Amino acid sequence: MTSRFQFPSLSTSLRAAALAALAVAGQAHAADAGTGSGSMLDGWTFYLGGAYIDVHAKSSPLSGTSTTFPDGSTHAARFRIDDASTVGFGLVYRFNKTWSGELALGLPAEHSIHGEDLLESFDQITLVKQAPPAAFLNYHFPEVAEGVSFFVGPGINYTRFLRARNTASGNAAAGGETKVKLDSSWGLAGHVGGTWQIDRNWSFVGTVAYAHVTSTQTSTTQTNLGNGPVTVTHTANINFRPVVYSLSLGYTF
């Protein structure tokens, strides 16, 4: 199963977005320094909490020739990816009351991949872990109540698939011992959230984030067609479309 994200002029776009974000944040910080305004959460905040990854994945049919399906084809073999939970953490630097920069991280989450259509009878065929660090530039709205405010931020996501492995069912579906690889993905991201300041140092924060994550999964199988060993390769494009819900406790220092 293979997944690939196509993004025109990605390197140029990322540089432009990063420079624009730094320019906006720098101007806001300078303006705030001139007025002497501030926030209880000025400076660095580390947060730690739970994250639920709601995957709305859609895969293309497998591309390649199978020796295990009745018609010898994979044209109707697809995948379904399960949701996952993990521990999320990250760093926020609050430039002033309006702007902050954020690096969102988390422990690698493991997703189960199940077969659909011609692969449905094989159930769970692959397990894959992924780490999706993301960077955001956040705009903070004025408080709606004492200590309570909301924010919104665009960002950039990089998803790296750290480990993918076939199950026994997956090997049976492919016709032999199979190695699986998923391409890494760059994509745009965005999130909205709310913060509740408990006191000078402690706060709760909840977010809902979306990232554009696509990948190409490649499965390489060593099998035997009767006249000796042969290597068979299958690929599929997967659009993960994850929505991530998180709730964390932050400490400002």
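The sequence shown begins at 2 in our numbering and counts up one residue at a time. Beta carbons: idealized from backbone N, C-alpha and C, even for Gly. Note that the coordinates shown come from a computational prediction; the quantities given were computed from them, not determined experimentally.
Self-check item: Three-state secondary structure assigned by DSSP to N167
Solution: strand
Quiz item: If you run the structure through DSSP and keep just helix, strand and coil, what is A77?
Solution: coil
Exercise. Report yes if the CB atom of F80 is closer than 8 Å to the CB atom of E117, and no otherwise.
Key: yes
Quiz item: Name the DSSP bridge partner or partners of N225?
Solution: P230
Quiz item: Tell me which same chain residues have a C-beta within less than 7 Å of the C-beta of Q198, skipping the five on either side of it?
Solution: M41, L42, G148, S204
Quiz item: According to DSSP, is N172 helix, strand or coil?
Solution: helix
Quiz item: Would N139 pass as a contact of E103 if the rule is Cβ separation under 8 Å?
Solution: yes
Quiz item: Start and end of the beta strand (DSSP E) containing N139?
Solution: 135 to 141
Quiz item: Beta carbon of V129, beta carbon of R164: below 8 Å?
Solution: yes
Self-check item: Length of the line joining the Cα atoms of G91 and L106
Solution: 5 Å
Self-check item: Length of the line joining the Cα atoms of K59 and A78
Solution: 12 Å
Practice problem: Could you work out which residue in K98, G65, T222, T221 is closest to W45 when comparing CA atoms only? | Solution: K98
Self-check item: Burial state of H57, where buried means 16 or more other Cβ atoms lie within 10 Å
Solution: exposed
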